[in-house]
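Counted from 1, the sequence shown has number 460 at position 461 by numbering that gives the first Met the number 0; the numbering is strictly sequential. In this text, a Cβ means the ideal position worked out from N, Cα and C, and glycines have one as well. Taking it in order: structure first as structure tokens, then the write-up.
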Amino acid sequence: MGDFGERRDRYAPVNYRITPDDRLGVGGAKTKFADNIAAIRLLKQLQESGAAYAGPDEKKILVRYVGWGGLPQAFDPNNEKWAAEYRELQGLLSPDEYAKARRSTQDAHFTSETVIQGIYQGLTTLGLGKGEKLRILESAAGSGNFIGLCPERFNAQFLAVELDPTTAAIAQYLYPEADHINSGFQNAHLVIPSFDVAIGNPPFGNQALYDPDFPELRKFSIHNYFIAKSLSLLREGGIGAFVVSRFFLDAVDPSVREHISQYADFLGAVRLPETAFRQNALTDVTTDIVFFQKNSGEKKHSKDWIQTSAIEAEDLKNGGARPAAVNAYFAANPGQMIGKMAYAGGMFRDALNCVADAPLVDLGQEIATRLEVLPPRLFVPKAETGENAAKAALNEEFISSSYFQSLKMGALCVEPQSRKIVFKTAGEFGGGAYDFSPVKNDTARQRLVTMIHIRDTLRELINAEKSDGEESRMDVLRGQLNSQYDAFARRYGHLNSQTNRSLMREDPEHSLLESLEMEYDKGLSPEVARKQGRVARPASARKATIFRQRVLKPAQVVEHAETVKDALVISLRETGKVDFSRMDRLLRRPADSIQQELQEQGLIFLNPANEEWEIRD
0 MGDFGERRDR YAPVNYRITP DDRLGVGGAK TKFADNIAAI RLLKQLQESG AAYAGPDEKK
60 ILVRYVGWGG LPQAFDPNNE KWAAEYRELQ GLLSPDEYAK ARRSTQDAHF TSETVIQGIY
120 QGLTTLGLGK GEKLRILESA AGSGNFIGLC PERFNAQFLA VELDPTTAAI AQYLYPEADH
180 INSGFQNAHL VIPSFDVAIG NPPFGNQALY DPDFPELRKF SIHNYFIAKS LSLLREGGIG
240 AFVVSRFFLD AVDPSVREHI SQYADFLGAV RLPETAFRQN ALTDVTTDIV FFQKNSGEKK
300 HSKDWIQTSA IEAEDLKNGG ARPAAVNAYF AANPGQMIGK MAYAGGMFRD ALNCVADAPL
360 VDLGQEIATR LEVLPPRLFV PKAETGENAA KAALNEEFIS SSYFQSLKMG ALCVEPQSRK
420 IVFKTAGEFG GGAYDFSPVK NDTARQRLVT MIHIRDTLRE LINAEKSDGE ESRMDVLRGQ
480 LNSQYDAFAR RYGHLNSQTN RSLMREDPEH SLLESLEMEY DKGLSPEVAR KQGRVARPAS
540 ARKATIFRQR VLKPAQVVEH AETVKDALVI SLRETGKVDF SRMDRLLRRP ADSIQQELQE
600 QGLIFLNPAN EEWEIRD
């Protein structure tokens with residue numbers, strides 16, 4: 000280890016490329032456990048030495064990390080056959096790392112090489128991979144197998160989001176050319192629809208997540224939430240390709256699919272046999288590879304996939320056949336299933352699964368054959384407009400400014416040289432960058448510019464109040480806020496009008512801006528009033544208290560809390576609301592687990608009137 004630090008400097012920051020020699024996912028449970036342990040030990044050595052990059056031989060060890068989705072027995076203190084592994088794991092991981100690893104056994108099933116290659120083959124059929132620069136989102140990246148198996152011709156820049164800190168750190172050492180966010184997808188503050196491709200294997204599970212930027216998804220399962228939000232973040236014409244649980248398409252309740260159909264066209268699917276994940280994740284489960292294209296409101300393809308149909312499925316346990324519900328797409332196109340639907344067990348006893356008619360010789364070839372149904376060359380690269388060409392010469396002085404650095408990820412702002420509306424993005428290796436936000440016309444641009452100025456003044460006033468700034472400075476900011484708001488309202492109407500909210504919706508602080516108006520009433524136009532026999536009235540709202548007086552006291556910064564109740568009290572005292580991001584920092588736990596525990600203790604509830612979390616009396 001004497002020259003360990005010196006060797007680091009010679010390693011180039013290049014993404015690892017997975018090859019057949021890596022034998023990805025090969026081996027039984029004990030082999031996978033040993034591979035995981037070897038990867039974690041190496042990771043800790045790299046971190047403790049301050050290594051920026053891993054070497055080629057080290058990456059060969061890291062790439063065999065497969066997570067804990069197929070190894071729940073390693074966390075079972077009563078399993079005598081795994082007693083040694085249980086003790087080793089407890090000694091290797093910190094309590095927080097151990098808790099997160101144990102939790103990941105519920106849904107961290109890494110995707111097999113064959114399935115990933117099939118997805119890329121489907122994307123190729125759709126017209127991707129012709130040398131154009133592609134911005135790809137993977138919202139549950141794991142250790143990054145989709146990055147390591149991405150064909151070079153795709154010329155891809157990945158944004159990898161991963162919750163588990165161990166897995167995220169391994170991915171960063173394996174793929175330093177990608178952008179990484181170690182966070183839950185719900186806390187990543189991604190709101191701008193700018194990605195060319197969304198790809199991945201969304202986590203399985205039925206629990207719901209709280210995402211302040213997408214409150215409309217609050218009732219979706221974690222699995223469906225990842226799919227819906229990922230598709231929302233595609234640019235118009237972008238492609239989504241995922242391997243999903245069969246329950247996404249087969250659920251009798253069509254509400255999730257109906258929601259997605261409003262902004263994405265279903266292009267086709269391949270149903271995999273229940274054994275597709277057996278080698279890699281040590282589990283039998285029926286999954287589908289699905290493909291979507293983000294639309295602009297015009298529905299170009301059939302919406303039959305939203306509904307389910309009744310079929311007869313063979314009962315392999317009791318004999319005969321039983322009725323079953325499957326997606327209408329598969330009922331009409333049974334050849335898109337690699338096998339047939341049957342009651343045959345799997346992850347759940349007596350469950351309905353896709354069972355291969357005979358042992359598969361080549362799953363990859365079976366997938367490839369069924370991908371031929373996808374519409375060829377559908378994908379259109381993003382036009383190289385003047386704005387896109389300008390990205391190569393970003394305003395570095397603006398990026399390094401304290402103003403830009405203080406903005407949240409995804410925040411809208413005005414680039415001072417071009418005067419264009421841009422939004423903050425993650426730059427290479429964690430640095431800041433920005434991308435241009437499309438604006439329909441100059442009027443929309445002027446509305447946005449003014450709302451951005453109001454937001455900035457409001458944020459500056461709030462920070463001054465929190466930090467106990469000079470009263471004279473707060474008076475100046477309060478007067479400026481009033482002037483900006485009054486001028487905007489006279490010209491463009493209320494901040495909460497549908498037009499203004501839709502323009503600012505992609506900014507992570509849009510709700511803060513909207514809170515400046517209380518008791519907003521959109522009014523009733525004379526025409527509608529005549530039809531309904533009512534009295535016409537103009538839109539109205541009251542100004543919030545912050546326009547008149549100070550509303551915040553200096554924050555007493557607390558950096559740790561012992562219980563979720565303590566964290567909730569501190570959050571309410573410091574921010575005046577149920578602030579999951581603040582509680583996340585206090586407890587150093589994922590926000591979704593904090594939300595679940597607070598609900599279980601009966602401390603909070605979701606108010607349907609304003610779609611906000613509130614405390615119970």
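Can you tell me which residues form a DSSP beta bridge with residue i?
{"i": "residue 314", "result": "342"}
{"i": "residue 198", "result": "137, 240"}
{"i": "residue 264", "result": "292"}
{"i": "residue 546", "result": "Looking at the DSSP assignment, residue 546 forms no beta bridge with any residue, so it has no partner."}
{"i": "residue 613", "result": "604"}
{"i": "residue 233", "result": "194"}
{"i": "residue 539", "result": "520"}
{"i": "residue 270", "result": "287, 336"}
{"i": "residue 504", "result": "Per DSSP, none; premise fails for residue 504."}
{"i": "residue 179", "result": "159"}
{"i": "residue 351", "result": "342"}
In whole angstroms, what separates the C-alpha of residue i from that of residue j?
{"i": "residue 91", "j": "residue 35", "result": "11 Å"}
{"i": "residue 225", "j": "residue 57", "result": "32 Å"}
{"i": "residue 247", "j": "residue 256", "result": "8 Å"}
{"i": "residue 525", "j": "residue 515", "result": "27 Å"}
{"i": "residue 26", "j": "residue 614", "result": "49 Å"}
{"i": "residue 451", "j": "residue 442", "result": "14 Å"}
{"i": "residue 563", "j": "residue 93", "result": "20 Å"}
{"i": "residue 30", "j": "residue 50", "result": "27 Å"}
{"i": "residue 532", "j": "residue 523", "result": "11 Å"}
{"i": "residue 75", "j": "residue 86", "result": "10 Å"}
{"i": "residue 593", "j": "residue 181", "result": "17 Å"}
{"i": "residue 487", "j": "residue 449", "result": "7 Å"}
{"i": "residue 185", "j": "residue 192", "result": "15 Å"}
{"i": "residue 96", "j": "residue 364", "result": "39 Å"}
Compare the beta carbon distance of residue i and residue j with 8 Å and say whether it is the shorter of the two.
{"i": "residue 153", "j": "residue 133", "result": "yes"}
{"i": "residue 110", "j": "residue 71", "result": "no"}
{"i": "residue 394", "j": "residue 414", "result": "yes"}
{"i": "residue 274", "j": "residue 242", "result": "no"}
{"i": "residue 89", "j": "residue 168", "result": "no"}
{"i": "residue 250", "j": "residue 14", "result": "no"}
{"i": "residue 130", "j": "residue 161", "result": "no"}
{"i": "residue 136", "j": "residue 116", "result": "no"}
{"i": "residue 612", "j": "residue 577", "result": "yes"}
{"i": "residue 233", "j": "residue 265", "result": "no"}
{"i": "residue 356", "j": "residue 381", "result": "no"}
{"i": "residue 237", "j": "residue 190", "result": "no"}
{"i": "residue 397", "j": "residue 411", "result": "no"}
{"i": "residue 330", "j": "residue 310", "result": "yes"}
{"i": "residue 125", "j": "residue 377", "result": "yes"}
Under three-state DSSP, which class holds residue i?
{"i": "residue 363", "result": "helix"}
{"i": "residue 637", "result": "Any property of residue 637 remains undetermined from this structure, which presents the chain solely from 0 to 616."}
{"i": "residue 163", "result": "coil"}
{"i": "residue 431", "result": "strand"}
{"i": "residue 36", "result": "helix"}
{"i": "residue 42", "result": "helix"}
{"i": "residue 521", "result": "coil"}
{"i": "residue 372", "result": "helix"}
{"i": "residue 59", "result": "helix"}
{"i": "residue 516", "result": "strand"}
{"i": "residue 559", "result": "coil"}
{"i": "residue 413", "result": "strand"}
{"i": "residue 78", "result": "coil"}
{"i": "residue 17", "result": "coil"}
{"i": "residue 438", "result": "coil"}
{"i": "residue 379", "result": "coil"}
{"i": "residue 447", "result": "helix"}
{"i": "residue 307", "result": "strand"}
{"i": "residue 598", "result": "helix"}
{"i": "residue 422", "result": "strand"}
{"i": "residue 322", "result": "strand"}
{"i": "residue 10", "result": "coil"}
{"i": "residue 206", "result": "coil"}
Segment contact flag, the stretch 463–482 with the stretch 540–548, C-beta cutoff 8 Å, min 3 pairs: Verdict: yes, contact present.
Stretch-stretch touch, CB-based, cutoff 8 Å, three pairs: the stretch 514–523 with the stretch 486–496: In short, these stretches touch, since the Cβ pair count reaches three.
Between the stretch 117–126 and the stretch 71–83, do three or more beta carbon pairs fall short of 8 Å? No contact exists between the stretch 117–126 and the stretch 71–83.
Is there contact here, the stretch 401–412 with the stretch 320–327, by at least three beta-carbon pairs under 8 Å? The stretch 401–412 vs the stretch 320–327: no contact.
Is it the case that the stretch 209–225 contacts the stretch 430–439, given that we only count it when at least three CB pairs across the two stretches are under 8 Å? In short, these stretches do not touch, since the Cβ pair count stays below three.
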